[in-house]
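Structure, as structure tokens:
There are 2 protein chains.
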Amino acid sequence: MAKRVYLFNEGSKDDRELLGGKGANLCEMTSLGLPVPFGFIITTPTCREFFDSGNKLPGKLESEYRVALALVEEHMGTRFGDPDNPLLFSVRSGAPVSMPGMMNTILNLGMNDEIAEGLARKTGNPRFAYDSYRRFIQMYADVVLGAEDEPFADVIEKHKAAHNKKLDTDMTAEDWQAVIEQFKQLVDFPQDPQEQLKSAIEAVFLSWNTPRAIVYREMNNIDDDLGTAVCVQSMVFGNFGETSGSGVAFTRNPSTGDDHFFGEYLANAAGEDVVAGIRTPLPITSLEETLPEVYQQLFDTQALLERHYRDMQDLEFTVQEGRLYMLQTRSGKRTGRASVKIAVDMVSEGLITEKEALLRVSPEHVEAFLHPMVDPDAKQDIVARGLPASPGGATGQVVFSADEAVEVSKNDTPVILVRRETTPEDIHGMKVAEGILTELGGMTSHAAVVARGMGVCAITGCEDLNLDYKAGTVTTDDGVVIGRGDTITLDGSTGEVMLGDIPKTEASSSDDFQTLLTWADKHRRLKVRANAETPEDAAKARELGAEGIGLCRTEHMFFEAERIDQMRGMILAEKKEERATYLTKLLEFQRADMLALFEVMDGLPVTVRLLDPPLHEFLPHDEEDMAALSKRIGVPVEVIRERAHSLQEVNPMLGFRGCRLSIVFPEITEMQVEAIISAAILAKEKGLNPFPEIMIPLVVNVREIRRITEVIEKGILKAMEEKQVSIPYKIGTMMETPRACLGAKRLAPAVEFMSFGTNDLTQMTYGFSRDDIGKFIGDYLDRKIVEQDPFVSLDQRAVGRLMKIAIEDSKIGRKGIKYGICGEHGGDPKSIRFCHEIGLDYVSCSPYRLPVARIAAAQANVLEPVPE
Amino acid sequence: MAKRVYLFNEGSKDDRELLGGKGANLCEMTSLGLPVPFGFIITTPTCREFFDSGNKLPGKLESEYRVALALVEEHMGTRFGDPDNPLLFSVRSGAPVSMPGMMNTILNLGMNDEIAEGLARKTGNPRFAYDSYRRFIQMYADVVLGAEDEPFADVIEKHKAAHNKKLDTDMTAEDWQAVIEQFKQLVDFPQDPQEQLKSAIEAVFLSWNTPRAIVYREMNNIDDDLGTAVCVQSMVFGNFGETSGSGVAFTRNPSTGDDHFFGEYLANAAGEDVVAGIRTPLPITSLEETLPEVYQQLFDTQALLERHYRDMQDLEFTVQEGRLYMLQTRSGKRTGRASVKIAVDMVSEGLITEKEALLRVSPEHVEAFLHPMVDPDAKQDIVARGLPASPGGATGQVVFSADEAVEVSKNDTPVILVRRETTPEDIHGMKVAEGILTELGGMTSHAAVVARGMGVCAITGCEDLNLDYKAGTVTTDDGVVIGRGDTITLDGSTGEVMLGDIPKTEASSSDDFQTLLTWADKHRRLKVRANAETPEDAAKARELGAEGIGLCRTEHMFFEAERIDQMRGMILAEKKEERATYLTKLLEFQRADMLALFEVMDGLPVTVRLLDPPLHEFLPHDEEDMAALSKRIGVPVEVIRERAHSLQEVNPMLGFRGCRLSIVFPEITEMQVEAIISAAILAKEKGLNPFPEIMIPLVVNVREIRRITEVIEKGILKAMEEKQVSIPYKIGTMMETPRACLGAKRLAPAVEFMSFGTNDLTQMTYGFSRDDIGKFIGDYLDRKIVEQDPFVSLDQRAVGRLMKIAIEDSKIGRKGIKYGICGEHGGDPKSIRFCHEIGLDYVSCSPYRLPVARIAAAQANVLEPVPE
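These protein sequence lines map, in sequence, to chains A and B. Quick note: the first sequence uses this note's numbering, first residue 1, plus one each step. Quick note: the second sequence uses this note's numbering, first residue 869, plus one each step.
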């Protein structure tokens, strides 16, 4: 029979699995000789036994923990249930992984009427004794008996009112005694300390299966069989007088990362009082003055613990009558800046390796170096919440159109562009805005994708807002009206909209950050590329570490003022010859654009996607714009109207777009190929090294690829022959329909690379339109139907399975295919780790996501299990 | 070394794989002792050898076939290459499966100048000899040398013009000799018969890999490795004079199925002349008068062959100078009515079994018993083509709106409803129309689905049409204008639109057909259910053999006049209480509808799908209708406009619909469940046996099912407890997102049945919107990018793979789940076979598809390989 009960001196930090995280750390501190109030732990396998036998404690358990209890009594010199010298316990759950939603702590367990009286006697502090007792009853009723707290609070309130007391501190021992008498009528509360302990242990085990805990485990893929341990620890008291107190501390500054001992201390207070913030605690250094020896001991302890754990620690301690007790140590939470500084410092201190340093930084932490961030402490007047579409913070005057944004921002006034949704026609306004806020659209809507690409803060799908363009106002669901010209602040990292100008931290790189990125590049296998179309974005991408362009969306080049009319003319053309005239003009634009891109990306691959969006996206949609276009290009307005109407689709996302355009209008593809290859030839003639990779979008079968590849190769070979130049090129496909993934074996022989377009793949796998998901995703998240928006982090279960099928199957069809991802997931750390694990060669993301991607890629590689 | 060459007396009909279909049948006839011109066959493995060695004939092959040739010479008493007594050959390809796109036949192979002269001498018919020779040269040049035919035709034309000849029959031996001389200058034509033969054999092998043949194999999943055989057969001549001739015949009447020998004969003509239709052939009985002995022999032969092959045969024969030669036998093509009659007759004749009879009827053939069909011989004035959305033929006056359809049809005038597309608001017009024609929409668009459900002929996605509602005209791409009131005919089985009233065959069942259906029911494993909402449709479905309702789309019940306003009120309600008032009214309607359905379906399961479509589908979309609604239900028109606008979606197919509605508005589900269960209780109280099955649509994960199931079960249990009645019920899900299929293991424990909604599943797997597919599917089909519209026949490769994954994975999660399909594929024979093979329990389809489904299900079962 395996041992079910461990004393604190019988385990170590490596026993998380057996003793839970909390228990393992208490054992570790005990074995380091630190002053930990003694106690014992009931193991996690015991929890499984409990469930396996129909929620019954194993028969032998009680005698086992009674032995441990006796040893604790001996160690502490007090006795559980002895009114003259009582030992009290805290009882906590502790699972192998940190898991919210489980049981709250019960403090002061082991009290009853007699012991309260004894404690009052022993301490000479009856108020302390009865306050402790009534707290215990309340906690026990709540946690073990599942009683509502309201009747208890009610008793206290009524007593206070009747006796003219305001605060808890006004209550005397007698007051609490009166309260306790009433409490005892509310619950059937066991006076026997042993019975209390047994019930508390059962309650901890049962809390493993609360609905909240189950949902949490399901969401985080935590094994239901792990079970929880139970920590039973002797109580110490910080509220014993002026030489007592409680505190929390960090071994380094968690905001800045500076290597200074940092924390807070509250004299004559229990640990819970520090957390509750009833009085304001003093800096930890205050202890140096009042209890210098305790401070020195604490200081040495924190230094020891940091060295021992090789990470910045978050400590909880209590001082009881001038004696220090350590209650907890764990790795401390920290800001992004601090995490980078601490990691880099610890490497130079020789405490950790570069690889470990990389794992210490959460990729999201990197945001702080790239964007101004809203100061979390300064946040106020949050009037609406949307989706955190593009990180960072921004403040500006509200404008309601792109033109207005351009106009107002001319005299350097910062603006926030507020729209129902954005379209390619809004780009000029988006470019000048500090931040973008839309009522509709998901995390991969036009506004979100473009904003991330520009590194501009954005909130999308903010359905709390009701826009009235005509009135020039936006009204929140709570009735707050924001008018044109009002100042608001967006937090694009959280999705919060605030009134006024909320302080922000400046974005700025640091040497530490650069050092960390260098290490990331050294330790990653995945390449990183950028999604970019303009030379400016491409230059930014190179600066931020891009090793190529993974997605150049050629259609973006056609939305610019001069070009769009040529594009429209081409779409409106009724005959092939007419279309050819427009295509010739578009060719020139596209060639120039491509040349500029090849120049910036000299020596690196550039993946160019063929025209993808439905054609009607290019046409004007209201009568006024149609009339204007008609005048400009000389096509009757009826023709424009008719054509726009006939191109309209019920579900454009599933419509006439992607390679379907290339099949029906091969002449468009011919033009694009000519532009790409002739630009590459020009670049080559300038002495540069262009590496074009042509990508065919929205493929469902190999015949599409074969037919389009024919057109592409014909164009390339002709151009190369004419100029007697050889350009290395690749032809590949975007994997963005479930059918492409499921049929990858057949696609494989026809392609040299496959790039997963996980935006569309997610849309089709879920049947979620990224433009419409706002209608229900809020409800889905609130009700925990989905753990997160699948457009933010890749759904590994289904979308990921399609990717794995595609990779495995395609390898049967052809060896040596290069695999990448160019959906928005390419910049999401969790998704990047998955991409690494399934063997992709590169991820491609918005330029501003590159540092995040580099670190995430390195982490994935460092974490990869060594193959056996 | 395997034998490469088989004489006709060395094989049998079971050697298709080795000798090809044609060769195997020639061997069979030979071994039956029938007069087959002798010859030999080069096997299909030889074709593979040819390719494996880089398109070279195996070294030994020539000596092998020369041995066979010598034996043929001996048998025929003539010699290959002997001018005095020449043996000539026809050379044909013949693969194990019939495969168009391969080589044409070469006739008269073995001729050269000398032999032509010899043949002229021997036959005393120089015109015959030189005509045969010039034909040979032309065929050889075309088929073996790949020469264009035009220069040859040119030579003949010029010769005719110069010599004042009009018809080929005007040409004399000398004329043909002159032509031959010129032909020889056009091609480098080998005089050596052995060389001709060798090149012809190579050409047959090479024709296996023409692009057309490759595409055909890819489309039909034919193994590229099969290869083709080569049939080398002695020539006989029907154009030798009045006691010669050629004919084709059927052992029974292929139109009616009557058991009478049936065919045509043309005296003094080669086989190719009969096919070319230069002169009109006489009925086969004419032979009885002119050559009674030959006729008797032929008659006996056909009887023998039919008995031998146990199927109606299609024969080709030639009579040379009073001697009968059999050239081919194969199973004959027949009409739907004939196929049923022949199959049933042959069972009573003891010739075949019931199971075999079932395999003899193509499920499409059944259409003729269910719908009037356009007479294929009467077709004319085809002015447009669309998708064959609902089978049968219909003639009527053109109307352009549902109201107009109702108005005009009042005095029994048949109408054809022509619309851009249809919506639920057009139902009343669709009900009275003879046929429906739409410009937009695919095979599963609203018009198509509803028409099939009603058994009404329909053509959708007819993009050749340009509708002008205002002018009341529709103009075809070729400029034909059809106005209101004009009579047109639709062929819904082919998608053809014709002007005027084209004759149609009447739909009528027959005893034979009923017999066949009885056999189908006896021999199938798959159950068949119907998609139906109304008691009328359900009654029709029962009549046509439904064993339950597989899909009752509850929303259809809300589109009826009275109800739609309640539905709209519910959607427009801003508060839950307000919504509740409308729901109460809807509840009454829905309960009554469900009760009526349970009554008709007494004793059979009824699968009821919860509300599925996006809510905006119920709201009016134009100002006039909005104003009218506002008046009727007292909601301000601005509210209606605002709500309609806010519910509008970019891609409604991927939007706020299906179970997403149940999650956000559980009160709608509560109402629906109450309606279903209280109707079932009422039915039970009437002494009936209702079996409701509640189906949750558009699921992506198990949490959706869990949450909705909670609502469903609460409602059901409450109602049953109140009434103290127990109703057997099931809860299941529609599998229609790729994610549901890929995550089926997790869904399984929460459901009792899974019904594949392959319409949506196909949309999402391909990224093809069924409403928009018309924009490119024509091009895709024309260019052979897809072999067929995936909405018509299930895409087994990807959609089918998802279904298989779902079934396999869900069986891990739970045993005993019932599997069905309720997409439109449930009525498609090929898809039904697939459903049988992957182990579904039932298919559900439109009532009028049930007979087709029953036969297809039986065929699938009969064809299922016996497990080893």
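Each residue gets a CB set at the ideal place from its N, CA and C atoms; glycine is no exception. Predicted, not measured: the structure shown is a model, and the values here were computed from it.
Here the segment 854-865 of chain A makes no contact with the segment 547-567 of chain A; the two share fewer than three CB pairs at distances below 8 Å.
Within its own chain, the residues whose Cβ lies closer than 8 Å to the Cβ of S1594 (chain B), once the five positions on either side in sequence are excluded, are M1588, listed in chain order. Note that the segment 500-515 of chain A does not touch the segment 814-821 of chain A; fewer than 3 beta-carbon pairs, one per stretch, sit closer than 8 Å. In the pairwise beta carbon analysis, the segment 382-402 of chain A is classified as touching the segment 459-468 of chain A: at least three pairs are separated by under 8 Å. Contact of G1190 (chain B) with chain A is not assigned, every C-beta pair being separated by 9 Å or more. Taking the C-beta atoms as reference points, L1522 (chain B) is found no nearer than 9 Å to E1467 (chain B). Our two residues, T1119 (chain B) and R657 (chain A), have alpha carbons roughly 53 Å apart in a direct line. For P749 (chain A), there are no neighbours in chain B by C-beta distance under 9 Å, as the nearest C-beta there is about 13 Å away. Note that the C-beta distance between G1360 (chain B) and A1326 (chain B) is below 9 Å. For R1393 (chain B), same chain residues with a beta-carbon under 6 Å away, outside a window of 5 residues either side, are N1729 in chain order. Beta-carbon to beta-carbon, F1427 (chain B) and I1536 (chain B) are separated by about 16 Å, too far to satisfy the 8 Å threshold.
Per the C-alpha coordinates, the member of B:P903, B:D883, B:L1478, B:K1209 positioned closest to L1173 (chain B) is B:P903.
The beta carbons of W1076 (chain B) and C915 (chain B) sit closer together than 9 Å. The DSSP-derived three-state label of Q182 (chain A) is helix. The three-state reading of DSSP puts P614 (chain A) in coil, since its state is none of H, G, I, E or B. By the beta-carbon neighbour count (other beta carbons within 10 angstroms, threshold 16), K1390 (chain B) is exposed. Chain B places a beta carbon closer than 9 Å to that of Y780 (chain A), counting this residue as a contact. Around the beta-carbon of D170 (chain A), fewer than 16 other beta-carbon atoms lie within 10 Å, marking it exposed. Collapsing the DSSP output to three states places E1184 (chain B) in a strand. Within the segment 174-206 of chain A, no residue has a Cβ lying closer than 9 Å to any Cβ of chain B. Contacts with chain B (Cβ-Cβ distance below 7 Å) from the segment 639-661 of chain A involve E649, V650, N651, P652, M653, L654, G655, F656, R660, listed in chain order.
Within the segment 787-801 of chain A, those residues whose Cβ lies closer than 7 Å to any Cβ of chain B are, in chain order, R797, A798, R801. In the three-state scheme derived from DSSP, where H, G and I count as helix and E and B as strand, I416 (chain A) is classed as strand. In this model, E1553 (chain B) and L1585 (chain B) are separated by some 17 Å (Cα to Cα).
From the listed residues B:I1544, B:V1567, B:C1609, the smallest Cα separation to G1583 (chain B) is found for B:I1544. Beta-bridge analysis with DSSP links V274 (chain A) to no other residue. Of the candidates A:S844, A:R337, A:A471, the residue whose Cα lies closest to the Cα of R360 (chain A) is A:R337.
Using a Cβ-Cβ distance cut-off of 8 Å, the segment 730-743 of chain A and the segment 690-701 of chain A are in contact, since at least three pairs of beta carbons, one from each stretch, lie closer than that value.
Judged by their CB atoms, A1081 (chain B) and V1012 (chain B) are not nearer to each other than the 9 Å cut-off. For the options B:S1530, B:G1668, B:P1719, the alpha carbon positioned closest to that of I785 (chain A) is the one of B:S1530. Rounded to the nearest angstrom, the Cβ distance from T554 (chain A) to P372 (chain A) is 32 Å, too far for a contact under 8 Å. For the options A:V528, A:G238, A:V230, A:D403, the alpha carbon positioned closest to that of V91 (chain A) is the one of A:V230. For M1563 (chain B), the closest Cβ of chain A is not nearer than 9 Å.
Leaving aside the five residues that flank A1464 (chain B) on each side, the residues in its chain whose CB is nearer than 6 Å to its CB run, in chain order, P1403.
By the rule that beta-carbons nearer than 9 Å mark a contact, S769 (chain A) touches chain B. With contacts defined as CB atoms closer than 9 Å, P1534 (chain B) and V1503 (chain B) fail to qualify as a contacting pair.
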